[in-house]
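Asker: In the numbering used here, the protein residues as written are 63 to 157. Structure incoming, see below.
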């Protein structure tokens, strides 16, 4: 089973990565992925979103990715927003 990751960031177009996360490995037994592996994949996809969107500018100056350092973002939660679709809850810790 694969799930789609959706990111809604104020001032930016909604972003999604279809079937981007494998919930099970590719072995014959289809074992569940570890939480660590899922979180690593989510972090890579959030980085992809960050890199793609920060060149576009934002309609919300307080949420402009140019003003937010990626290393100051923390994954707090993964929410299942619909069947096969997850949304990360991200916290920003301004240094």
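Idealized CB from N, CA, C, for every residue including glycine. Computed from a predicted structure; not experimentally measured.
1. Find out if the Cβ-Cβ distance for the pair residue 148, residue 135 is shorter than 7 Å.
2. In or out: residue 111 buried (at least 16 other Cβ within 10 Å) or exposed?
3. For a minimum of 4 consecutive residues, which ranges assigned as the alpha helix (DSSP H) are wholly contained in the region 86-117?
4. Work out the CA separation of residue 103 and residue 82 for me, nearest whole Å.
5. From residue 87 to residue 97, what distance separates their C-alpha atoms?
6. Would you kindly check if the distance between the Cβ of residue 116 and the Cβ of residue 161 is under 7 Å?
7. Just the C-alpha distance for residue 73 and residue 152, rounded to the nearest angstrom, thanks.
8. Cβ of residue 95 within 7 Å of Cβ of residue 85?
Answerer: So, from the data block:
1. For the purposes of this step, residue 148 is identified with residue 86 of the chain shown, where counting begins at 1. For the purposes of this step, residue 135 is identified with residue 73 of the chain shown, where counting begins at 1. Not closer than 7 Å, so no.
2. In the chain shown, counting from the first residue as 1, residue 111 sits at position 49. So residue 111 counts as buried.
3. 97-115
4. As a position in the chain shown, residue 82 is number 20, starting the count at 1. As a position in the chain shown, residue 103 is number 41, starting the count at 1. In a straight line, the C-alpha of residue 82 is about 8 Å away from that of residue 103.
5. For the purposes of this step, residue 87 is taken as the residue at position 25 of the chain shown. For the purposes of this step, residue 97 is taken as the residue at position 35 of the chain shown. Those two C-alpha atoms are separated by around 12 Å.
6. No statement about residue 161 is possible, as the shown extent of the chain runs from 63 to 157 and does not include it.
7. The residue labelled residue 73 in the question sits at position 11 within the chain shown. The residue labelled residue 152 in the question sits at position 90 within the chain shown. About 15 Å.
8. Within the chain shown, residue 95 is the residue found at index 33, counting from 1. Within the chain shown, residue 85 is the residue found at index 23, counting from 1. Result yes, Cβ atoms of residue 95 and residue 85 sit closer than 7 Å.
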